[in-house]
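Participant: Please find one structure pasted underneath; my questions will follow.
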Amino acid sequence: MSKTIIREIGALVSSFKEENLLILFGLHAPPELREISVIHEFAGEVPDEPLIEGGKIIWNDQEYSITAVGSAANKNLKELGHISIYFSGPNEHVLPGAVFVEPFAFPSLEVGKEIRFEK
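Note that the working numbering has the sequence shown beginning at 2, numbered continuously upward.
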């Protein structure tokens with residue numbers, strides 16, 4: 002299991018709710034991406050592959066099952082803290098940095114709360 006703490010919620014994050022999309026970025030996100038991202042900081046070491054199909058992403062008590070993981074998602078998460086989480090079913094072409102989860106419900110977000118990645 003790996004854990005990260007929400008440090009900042011960009012002003013435009015809620016506008017992506019309709020698209021069922023949440024963008025995570027680490028502390029070093031460029032300014033132009035901070036507005037659309039949830040900025041987070043890992044607590045401890047990040048495993049090489051924290052995201053696997055069938056694994057879980059947990060926001061507080063909201064649990065999501067991972068249904069698809071893009072080819073670069075684990076690398077991007079480990080190196081940049083970046084993934085795009087889609088609360089919808091995967092399509093034929095899963096983007097490299099994408100992670101698809103269910104249920105298809107946008108989580109509640111709050112600065113200081115944790116996000117856990119479990120296998």
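Heads up, the beta-carbon is just placed ideally off N, CA and C, and yes, glycines get one too.
1. Beta-carbon separation of Arg-117 and Lys-57 under 9 Å?
2. Tell me whether the beta-carbon of Phe-43 lies closer than 9 Å to the beta-carbon of Tyr-65.
3. Taking the C-alpha atoms as reference points, what is the distance between Gly-45 and Ser-85?
4. Find the nearest neighbour of Leu-110 within the set Ala-30, Pro-32, Ile-40 and His-29, judged by alpha-carbon distance.
5. Between the beta-carbon of Leu-96 and the beta-carbon of Gly-27, is there less than 9 Å?
6. Give the secondary structure of Glu-155 by DSSP, where H, G and I count as helix, E and B as strand, and everything else as coil.
7. Let's see if you can read the secondary structure: which residues bound the alpha helix (DSSP H) around Leu-28?
8. Have a look at Leu-34, Pro-104 and His-29 and flag the residue whose alpha-carbon is nearest the alpha-carbon of Val-14.
9. Locate the beta strand (DSSP E) running through Val-100, then write down its first and last residues.
Facilitator: Quick answer:
1. yes
2. no
3. 22 Å
4. Ile-40
5. no
6. The structure shown does not extend to residue 155, since the chain spans only 2 to 120, so no value can be given for it.
7. No alpha helix (DSSP H) contains Leu-28, which DSSP labels as neither H nor E.
8. Leu-34
9. 99 to 103
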